[in-house]
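Protein chains in written order, with this note's numbering: chain A, -19 to 175; chain B, -19 to 175. In this text, a Cβ means the ideal position worked out from N, Cα and C, and glycines have one as well.
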DNA sequence: CGTACTGATGTCAGTTACTGACATGACAGT
DNA sequence: ACTGTCATGTCAGTAACTGACATCAGTACG
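This is how it looks when you write it as structure tokens:
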């Protein structure tokens, strides 16, 4: 690598946008080959052409780099909630239907790779749980804002998240071929049968 | 109780139970006065009269000191599950009833103090979520072992944990005076109404 | 045209959670 | 007493984060 290349990379790294995106890609790649614990933030930063300090300006901590996209997920879920509904369960199911759009066949491979990394690290599972829990909190708030009593809202929200978790887990399981909506329908059917 | 039993207990207290217990008490006290982030492991260890290294021999990480008791909780919950049941929801509700014994009035104050610390720190919330999730996993396994299909078992387990979480949150809320079983009954009633 | 301002980045020093390796000292059974 | 075990101490090291300050491309504005 020549001096000018280094200079170029330095410039690109510094002024070309998308540092967060590059960091995310670099991180996923390194995690797959070296494992999460076997990869330092300094390595990720170097692979993305930035400094360790810059990594922490984009992500609050090392784990967060794997949850970069999740913010749009919560928005999609919440936007799919009907404007008003007396039946909290029905509302939550509508939200689930909207969120399903984010889990198309073209993303299953990436989701599997990501999930394999998370499954191998308790700390990452904690973070995933927290994200889901925050979604449940948002859901609860939305439902409560529609006049549903807090306990019913919380239960409906937790149930909805449980359905999503069960669906997603099945969807990314090795060998599974059914589409996300298909699995979701089965989970919902079993939930109805349960009650 | 024989003399040897007393000796044994003394030994156990000095060498095993003692340090962990002292560390736990010291940690809770310091967290209350200085906050979780404002307290270093070295401080906790010093307050308990041991070394920082010893802290990490008893607890895998700093957070874990606040979840010392939780191991018995899962055992109590699981033991209260009926030996065999075709109805997973009924089985889970039985488990909930058994676990309620751990949340008597005499522990409400301590639980409130602990929960206040956890509520103020996202990292601690993550750990709590993980513990609950592990409980759901154990529950699922137990139910599946009773011949219930995996998806129904997972849903019933998640639902049971959601009921517990909702009940516990209400129970430790400031100003709440109803007993744990009373609140649990109301949550279960609302759950039935929801379905 | 230049000058000041902004925003993302670099640099650097420091704290603290956590880990591995080895030493010590009390107790248990022999 | 002798020896093994187990909780603890000691010490050195790694890596995740944080705060303070410097730098420099691009932009707005005179």
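With respect to chain A, the C-beta atom of residue 98 (chain B) has no partner C-beta closer than 7 Å. Per DSSP, the unbroken alpha helix (DSSP H) holding residue 109 (chain B) starts and ends at 102 to 125.
For the C-beta of residue 113 (chain A), the chain B residues within less than 8 Å are, from N- to C-terminus, 105 and 109. Rounded to the nearest whole angstrom, the C-alpha separation of residue 17 (chain B) and residue 23 (chain B) is 12 Å. Contact of residue 30 (chain A) with chain B by beta-carbon distance below 7 Å is absent, the smallest such distance being about 26 Å.
Out of B:134, B:152, B:93 and B:125, the CA that lies nearest to the CA of residue 9 (chain B) is found in B:93. Secondary structure of residue 146 (chain B) (DSSP, three-state): helix. Counted as a single uninterrupted DSSP element, the alpha helix (DSSP H) harbouring residue 161 (chain B) occupies residues 160 to 174.
Cβ neighbours of residue 73 (chain A) within its own chain (closer than 6 Å, five residues either side excluded): none. For the pair of segments examined, the stretch 101 to 108 of chain B was found to touch the stretch 106 to 126 of chain A: the number of CB pairs separated by less than 8 Å reaches three. For residue 131 (chain A), the chain B residues whose Cβ falls inside 7 Å of its Cβ are 146, 167 and 170, in order along the chain.
Taking a cut-off of 8 Å on C-beta distances, the stretch 51 to 64 of chain B touches the stretch 119 to 132 of chain B, as three or more cross pairs fall below it. In this chain, the alpha helix (DSSP H) harbouring residue 4 (chain B) covers -2 to 14.
Inter-segment contact for the stretch 77 to 92 of chain B and the stretch 134 to 153 of chain B is present: three or more beta-carbon pairs are separated by less than 8 Å. For residue 128 (chain A), there is no enclosing alpha helix (DSSP H), since its DSSP letter is neither H nor E. About 6 Å separates the CB atoms of residue 132 (chain A) and residue 174 (chain B); that is less than 8 Å, so the two are in contact. Per the coordinates, the alpha-carbon of residue 55 (chain B) lies some 48 Å from the alpha-carbon of residue 30 (chain A). From the beta-carbon of residue 139 (chain B), the residues of chain A found nearer than 7 Å are 139 and 142.
Bounds of the alpha helix (DSSP H) holding residue 35 (chain B) are 32 to 38. Counting along the chain, the unbroken alpha helix (DSSP H) around residue 72 (chain B) starts and ends at 68 to 79. For residue 66 (chain A), no Cβ of chain B is located within less than 7 Å of the residue's own Cβ. In the three-state reduction of the DSSP assignment, residue 156 (chain B) falls in the coil class, being assigned neither a helical nor a strand state. If you draw a straight line from the Cα of residue 50 (chain A) to the Cα of residue 3 (chain A), it comes to about 16 Å. Looking at the backbone, the Cα of residue 130 (chain A) and that of residue 71 (chain B) are separated by about 26 Å. Inclusion of residue 91 (chain A) and residue 167 (chain A) in the CB contact set at 7 Å is not warranted, their separation being larger than that value. Residue 120 (chain B) and residue 134 (chain B) have their alpha carbons spaced roughly 5 Å apart.
For the stretch 67 to 78 of chain A, the residues whose beta carbon sits under 8 Å from a beta carbon of chain B are, in order, 68 and 69.
As the crow flies, the alpha-carbon of residue 136 (chain A) is around 11 Å from that of residue 172 (chain B).
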